[in-house]
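Encoded as structure tokens, the structure appears first; notes follow it.
Protein chains: 2
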Amino acid sequence: MKVSRAELKQELIDAGIRPSVQRLAIFEYVRKSCQHPTAEVVYEALCDELGSLSLTTVYNTLKLFVDAGLISMLTIDDTFRCFDGNRCCHAHFRCNTCGKIVDLQMKKDFISLVEGLEGYEITDAQLYLKGFCPTCLENK
Amino acid sequence: MKVSRAELKQELIDAGIRPSVQRLAIFEYVRKSCQHPTAEVVYEALCDELGSLSLTTVYNTLKLFVDAGLISMLTIDDTFRCFDGNRCCHAHFRCNTCGKIVDLQMKKDFISLVEGLEGYEITDAQLYLKGFCPTCLENK
DNA sequence: TTCATTTTTGAAATCATTGCAAATATACAA
DNA sequence: TTGTATATTTGCAATGATTTCAAAAATGAA
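Just so you know, the protein sequences line up as chains A and B, in that order. Residue 59 is where the first sequence starts when you use the numbering used here, and the numbers rise one by one after that. Residue 59 is where the second sequence starts when you use the numbering used here, and the numbers rise one by one after that.
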């Protein structure tokens with residue numbers, strides 16, 4: 059999580075993406091957040107910092123980053139998409155009650171467990187778990 | 059895939075769901091399909107067979123089945139939900155080009171690879187892979 | 001500076017899904 | 001069987017996250 063703005067900027071350039079003020083701010087926000095923000099959340103958080111910002115820009119920019127493989131998009135919640143800047147291999151859990159999404163470490167990469175992938179090219183892999191978190195189970 | 063209508067009916071009853079004509083038809087369709095149909099696809103397929111059918115009924119019924127754990131809902135495509143009646147543990151792959159969703163067998167259950175699940179109750183697990191299928195890779 | 005290209009913007013449109021209240025079907029008691 | 005309460009289905013309107021689009025602003029090259 060200790061990444062400087064200059065490093066993030068270079069990462070955008072390396073990916074062939076011109077680091078505009080908006081793009082860099084959005085990239086930094088998603089990369090440093092551990093909360094899996096939605097486009098709306100990114101927009102709300104950066105509106106003040108940037109003076110002005112369009113929700114359309116946030117949507118466009120997040121899509122740009124996802125297509126470039128810089129961040130990933132989560133569809134663990136079926137009513138909205140959220141974004142994840144954590145590049146380490148990990149799974150996600152979403153609580154059916156409180157809706158919170160948490161990262162879970164993996165003992166080993168899960169793609170190795172999948173059979174019949176000969177001839178396929180994999181660009182993204184997500185492991186989603188749903189259920190009830192310890193806190194919500196206690197409050198039942 | 060060799061399941062009789064009577065067995066499907068009993069399965070609904072065992073789950074506490076009254077097997078109306080619409081419900082049984084929808085249940086049978088999703089259980090026997092290998093195509094991961096959307097609500098719209100189920101609706102189109104059963105409209106004729108049932109004489110009449112409401113899209114709302116299809117949505118309501120699919121949700122009922124998902125909540126009862128009889129089928130699962132896939133969010134591997136972020137623009138629509140689709141449904142899966144295959145109860146065996148398997149992963150899903152979606153091609154970025156043709157959009158086709160295919161089942162993939164697992165060497166072992168993937169939940170066992172996830173760390174830190176003490177205190178959690180898991181009700182659903184999905185492993186989604188995305189990329190390019192062999193056919194689309196060839197046509198490039 | 002000037003011009004071409006890229007990026008941002010806001011408002012309108014899209015569309016899968018849900019809410020809702022009326023209509024219909026079903027179960028059960030009398 | 002009939003009446004009545006309950007469960008289910010239906011169609012249409014509403015919702016809301018996301019996209020489209022064309023104009024405005026910013027940027028880069030010459």
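Quick reminder that beta carbons are idealized off the backbone N, C-alpha and C, glycines included.
Counting only C-beta atoms, is residue i closer than 8 Å to chain B at any point?
{"i": "A/Arg139", "result": "yes"}
{"i": "A/Val100", "result": "no"}
{"i": "A/Cys191", "result": "yes"}
{"i": "A/Val172", "result": "yes"}
{"i": "A/Gly177", "result": "yes"}
{"i": "A/Thr114", "result": "no"}
{"i": "A/Leu195", "result": "yes"}
{"i": "A/Phe85", "result": "no"}
{"i": "A/Tyr186", "result": "yes"}
Shorter than 8 Å from the beta carbon of residue i to some beta carbon of chain A?
{"i": "B/Ala183", "result": "yes"}
{"i": "B/Val79", "result": "no"}
{"i": "B/Asn154", "result": "yes"}
{"i": "B/Lys121", "result": "no"}
{"i": "B/Gln163", "result": "yes"}
{"i": "B/Thr96", "result": "no"}
{"i": "B/Ala126", "result": "no"}
Tell me the rounded alpha-carbon separation between residue i and residue j.
{"i": "B/Leu120", "j": "B/Glu176", "result": "31 Å"}
{"i": "B/Val61", "j": "B/Thr133", "result": "26 Å"}
{"i": "A/Phe123", "j": "A/Val160", "result": "22 Å"}
{"i": "A/Thr115", "j": "A/Thr96", "result": "13 Å"}
{"i": "A/Asp106", "j": "A/Glu98", "result": "14 Å"}
{"i": "B/Ile129", "j": "B/Leu111", "result": "20 Å"}
{"i": "A/Met164", "j": "A/Asn144", "result": "14 Å"}
{"i": "A/Arg139", "j": "B/Ser78", "result": "35 Å"}
{"i": "B/Cys92", "j": "B/Ala103", "result": "14 Å"}
{"i": "A/Gly174", "j": "A/Lys198", "result": "42 Å"}
{"i": "B/Leu108", "j": "A/Val172", "result": "39 Å"}
{"i": "A/Glu179", "j": "B/Leu195", "result": "8 Å"}
{"i": "A/Ile75", "j": "A/Thr181", "result": "19 Å"}
{"i": "A/Lys166", "j": "B/Gln80", "result": "44 Å"}
{"i": "B/Val100", "j": "B/Phe190", "result": "26 Å"}
Short of 6 Å in beta carbon distance, which residues of its chain neighbour residue i, apart from the five on each side in sequence? Order them along the chain.
{"i": "B/Ile169", "result": "Ala183"}
{"i": "B/Leu185", "result": "Ala149 and Phe168"}
For residue i, collect the residues of the same chain with a Cβ closer than 7 Å to its Cβ; drop the 5 residues on either side in sequence, then sort them by chain order.
{"i": "B/Leu66", "result": "Leu82, Phe85, Glu86 and Arg89"}
{"i": "B/Ile260", "result": "The first residue shown for chain B is 59 and the last is 198, placing residue 260 of chain B beyond what the model contains."}
Which same chain residues end up closer than 8 Å to residue i when comparing Cβ atoms and leaving out the 5 residues on each side of it in sequence?
{"i": "A/Leu187", "result": "Ala149, His150, Phe151, Arg152 and Leu162"}
{"i": "B/Arg63", "result": "Leu82 and Glu86"}
{"i": "A/Asp135", "result": "Arg152, Gly157 and Ile159"}
{"i": "B/Met131", "result": "Leu120, Val124, Arg139, Cys140, Phe141 and Asp142"}
Sort out for me which residues DSSP pairs residue i with in a bridge.
{"i": "B/Asp182", "result": "A/Lys188"}
{"i": "A/Phe149", "result": "Just to set this straight, residue 149 of chain A is Ala in the shown sequence, not Phe. Note: A/Ala149 sits in a beta bridge opposite A/Leu162."}
{"i": "B/Val172", "result": "A/Met164"}
> Unbroken alpha helix (DSSP H) runs of length 4 or more, entirely within the segment 102-143 of chain A: which are they?
Replying inline: 113-125
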